[in-house]
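J.: Questions regarding the structure given below will be posed in turn.
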Amino acid sequence: MESFRSLTVTQRDQILVEQQVFDIFKTFYNLPPSSQSFMLELQRENHVEYLTKGLTGLGPSFCVLDANRPWICYWILHSIALLDEFVDPELEDNTIDFLSRCQMPHLATTYAAVNSLVTLGGEKALSSINREKLYMFLRQMKDASGGFRMHDGGEIDVRACYTAISVASLLNILDDELVQNVGNYILSCQTYEGGISGEPGSEAHGGYTFCGLATMILINEVDSLDLSGLTDWVVFRQGVEGGFQGRTNKLVDGCYSFWQGGIFALLKRLNSTKEVKPIPLGDGEGSGEESPQTTTSSDAAGEEGLNGDLSLGGSHSEIGDQHNTSSQDNVIDIDHNHSKGHANVEPLFNSLALQQYILLCSQELNGGLRDKPGKSRDHYHTCYCLSGLSVCQRSWLEDEDSPPLPRAVLGPYSNLLEPIHPLYNVVLDRYREAYEFFTKS
Amino acid sequence: MDSREDDGGEPLSRMAEWRDVTPLPQDDGPNPVVPIAYKEEFRETMDYFRAIYKADERSPRALRLTRRAIHLNPGNYTVWHFRRLVLEALNADLDEELDFLQRIANSNSKNYQHHRRWVVERLGANARAKELNLIKKILSIDAKNYHAWSHRQWVLQALGGWEDELDYCQQLLEEDIFNNSAWNQFSARHDFT
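Residue numbers (the UniProt record's numbering), protein chains in the order written: chain P, 1 to 441; chain U, 1 to 193.
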């Protein structure tokens, strides 16, 4: 056994985190079942309280986020929506008013503002978005090379591309002018590892991989990516802790529950619109019809609490009907998938293990979620841990809209969060409302 | 160090130099959401900045004001952008600007990065050794710093130096074979040259 001193920085940092995480898990496993149930509960009320407080006041240490206040808005509003709660009408009005005053045009804050307004929903919020002005701004931010810059004179990167394309798509103002050459730029950011970097040449990174993949899907050029390389990379980003790391050999972080976890939601949709059946796992049973294909092993994981093995078992990977086309609309427009019924697929990542990390390591019992044990809660991590949790809970479903089986939800079924649209990360119902609104007008 | 740039943090309202300026408060509307309880110094600085920005005053005192605002909030991209406009208008010494940026190199913000690239580009090949050494210093503290590595690649692309990069990667990997950023740099070497 090597002495601690001869380990590299990477190893040392990793071991320290593992120790903390495994201590938590060990403590958990030694608890009586009733205490275990409590530990796995999502502290809904406390989270909502933490979130609502955030909307109405922040202390001086938040000064540095001044230029990013629309972000805080989005993180909080989206989290509240995931918990299926509502913001009181007065606060809602104030938020809409505030967002319309965001004077400085910047792509990231535009994305946050638009997503916030879509999350709030309703006539007032949605009609407050000036699409003409926004379209002009997007055209201005478009670079000759194909990418987008974050703001006038700002940097071009994959995140800027995503925020621009996501907003344009959501508001139904996406056109050839905006789309051209974006695909080439993103392609140039896929690295030898298979993931996608922020700029050409940089390291493959979970946040940018999500942004790159989502953008390619939105512009219908996803087939030019090396998808198997990308999948290969992302599956190995899930660590022994259950959570995801952002880059190879870096530490686990709760926010990657969404950035990396969301990639699986996107890949799942892609695989379901392509006329390719995934390889059946386990005994390959199942008629392939639209019957509720539940696992025949009915394993204990969902029902008795965790007893070590977190895998759900894999005998139900059939997909129902073929889709009639592979047009990109099938991937974006979730209602096309509606006919799937209760067909299930086997997720490519360990969904229960990730849920365990989120609930036991990221969750703060008095409200809010965080990167990892030892770090403080914040609104950003609250948003993305919860978004990741939502993705996990529905990771067996073909149709993200159907209610998941109890065994797919770690802890009590009341932990179930609202489903999201994985391309935009807004709650599905709100997406639908916005879709209707911006298609009609 | 240019002492004219260092105003010691005295309240602007008490400085003779700023007497002719009416500070512009932030317009959040009557019912602000996610309001931040600003520290007085921050609030005041930004109020004065808003006034100067609105008047588009590209003067030496405007330059000093942007530096003050950057110290308080390096995340505000408008301030960075305006600083650049002022530097251009004043035809300022960019070597001094680079020194200033090196002194505040702990600021991790992406805005800083972008501003820095603009300065380095203007200075050209002479800035290369300085920049690469500075980035080395940052990486010696945080060997996987994403922005530092991106910036390093940018410098190498813009100003050359890839020939020596192999040795640097090797050194980093001898220290920590698991440093994936170094592996990535190793691989990127081929993509760029």
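Note that beta-carbon positions come from the ideal geometry of N, C-alpha and C, so glycine has one too.
Going by other Cβ atoms of all chains shown within 10 Å of its Cβ, with 16 needed for buried, is U:Pro11 buried or exposed?
T.: Answer is exposed; the Cβ neighbour count stays below 16.
J.: Please say whether P:Asp84 and P:Glu418 have beta carbons closer to each other than 8 Å?
T.: Against a cut-off of 8 Å, the Cβ pair of P:Asp84 and P:Glu418 comes out as a contact.
J.: Please compile the residues from chain P whose C-beta is within a distance smaller than 9 Å of the C-beta of U:Ala143.
T.: Within 9 Å Cβ-Cβ: Val9 and Thr10.
J.: Does P:Val240 pass the burial test, meaning 16 or more other C-beta atoms within 10 Å, or should it be called exposed?
T.: When all chains shown are included, P:Val240 counts as exposed.
J.: Cα-Cα, which of P:Tyr111, P:Arg149 and P:Asn350 is closest to P:Val131?
T.: In the sequence as displayed, the identity of residue 131 of chain P is Arg instead of Val. Cα-wise, what sits closest to P:Arg131 is P:Tyr111.
J.: On the criterion of 16 or more Cβ atoms from any shown chain inside 10 Å, does P:Leu365 qualify as buried, or is it exposed?
T.: Exposed is the call here.
J.: Could you tell me whether the Cβ of U:Ser187 comes closer than 8 Å to any Cβ of chain P?
T.: At least one chain P Cβ lies under 8 Å of U:Ser187.
J.: Assess contact between the region 220-229 of chain P and the region 252-259 of chain P, defined as three or more Cβ pairs (one per stretch) separated by less than 8 Å. Is contact present?
T.: Cβ pair count under 8 Å is below three, so no.
J.: Measure from the alpha carbon of P:Val426 to the alpha carbon of each residue in P:Tyr384, P:Leu55, P:Ala164 and P:Gly206, then state which is nearest.
T.: Nearest of P:Tyr384, P:Leu55, P:Ala164 and P:Gly206 to P:Val426, Cα basis: P:Tyr384.
J.: So, helix, strand or coil for P:Lys53, using DSSP?
T.: P:Lys53: helix per DSSP, three-state reduction.
J.: Determine, for U:Val120, whether the minimum Cβ-Cβ distance to residues of chain P falls below 8 Å.
T.: Chain P, which has no Cβ nearer than 8 Å to the Cβ of U:Val120, makes this no.
J.: In or out: P:Phe244 buried (at least 16 other Cβ within 10 Å) or exposed?
T.: It counts as buried.
J.: Please list the partners that P:Asn68 has in chain A, where partner means a Cβ-to-Cβ separation under 8 Å.
T.: The chain inventory of the structure shown lacks chain A, comprising the protein chains P and U.
J.: Count the other CB atoms, across all protein chains shown, that sit within 10 Å of the CB of P:Cys63; report buried if there are 16 or more and exposed otherwise.
T.: Summary for P:Cys63: the model assigns pLDDT 42, below 50, so the residue's position carries little reliability; its value from the coordinates is reported in the next sentence. Buried, since its Cβ has 16 or more Cβ neighbours within 10 Å.
J.: Suppose contacts are defined by Cβ-Cβ distances below 8 Å. Is P:Leu423 in contact with P:Asp401 by that definition?
T.: No. Outside cutoff.
J.: Closer than 9 Å by beta-carbon distance: list the chain P residues that pair up with U:Tyr155, in chain order.
T.: First, the residue type needs correcting, since residue 155 of chain U is Val and not Tyr in the sequence shown. Here the premise fails: no neighbours, minimum Cβ distance about 12 Å.
J.: Look at the alpha carbon of P:Glu199 and the alpha carbon of P:Ala160, and state the distance between them as a whole number of angstroms.
T.: So the alpha carbons of these two residues sit roughly 11 Å apart.
J.: Using beta carbons (cut-off 8 Å, strictly below), is U:Tyr168 in contact with chain P?
T.: It does not: the Cβ of U:Tyr168 has no partner Cβ on chain P nearer than 8 Å.
J.: By the three-class DSSP mapping on this structure, what secondary structure does P:Asn68 have?
T.: Helix, per DSSP.
J.: Looking at the C-beta of P:His151, does it have a partner C-beta in chain U at a distance below 8 Å?
T.: True, the Cβ-Cβ gap to chain U drops below 8 Å.
J.: Taking CB distances under 8 Å as the criterion, tell me whether P:Glu199 reaches chain U.
T.: By this cut-off, P:Glu199 is an interface position.
J.: Note down, one range per segment and in chain order, each alpha helix (DSSP H) of at least 4 residues found wholly within the region 107-177 of chain U.
T.: Listed in chain order, they are 110-123, 128-141, 146-159 and 162-175.
J.: Between the beta-carbon of U:Phe192 and the beta-carbon of U:Trp149, is there less than 8 Å?
T.: Going by C-beta atoms, U:Phe192 is not nearer than 8 Å to U:Trp149.
J.: Helix, strand or coil: how does DSSP classify P:Lys26 here?
T.: Helix.
J.: Can you find a CB in chain U that lies within less than 8 Å of the CB of P:Gly154?
T.: Yes, its Cβ sits closer than 8 Å to a Cβ of chain U.
J.: For U:His114 and chain P, any beta-carbon pair shorter than 8 Å?
T.: For U:His114, the answer is yes, since a Cβ of chain P falls inside 8 Å of its Cβ.
J.: Does P:Met216 pass the burial test, meaning 16 or more other C-beta atoms within 10 Å, or should it be called exposed?
T.: Buried, by the Cβ-count rule.
J.: Distance check for U:Asn126 and P:His379, CA to CA, integer angstroms please.
T.: If you take the alpha carbons of P:His379 and U:Asn126, they lie about 43 Å apart.
J.: Do we get a CB-CB distance below 8 Å when we pair P:Glu49 with the residues of chain U?
T.: No, its Cβ sits nowhere closer than 8 Å to a Cβ of chain U.
J.: Name the chain P residues whose beta carbon is nearer than 9 Å to that of U:Tyr48?
T.: Those do not exist, as U:Tyr48 stays about 15 Å from chain P at its closest Cβ, beyond 9 Å.
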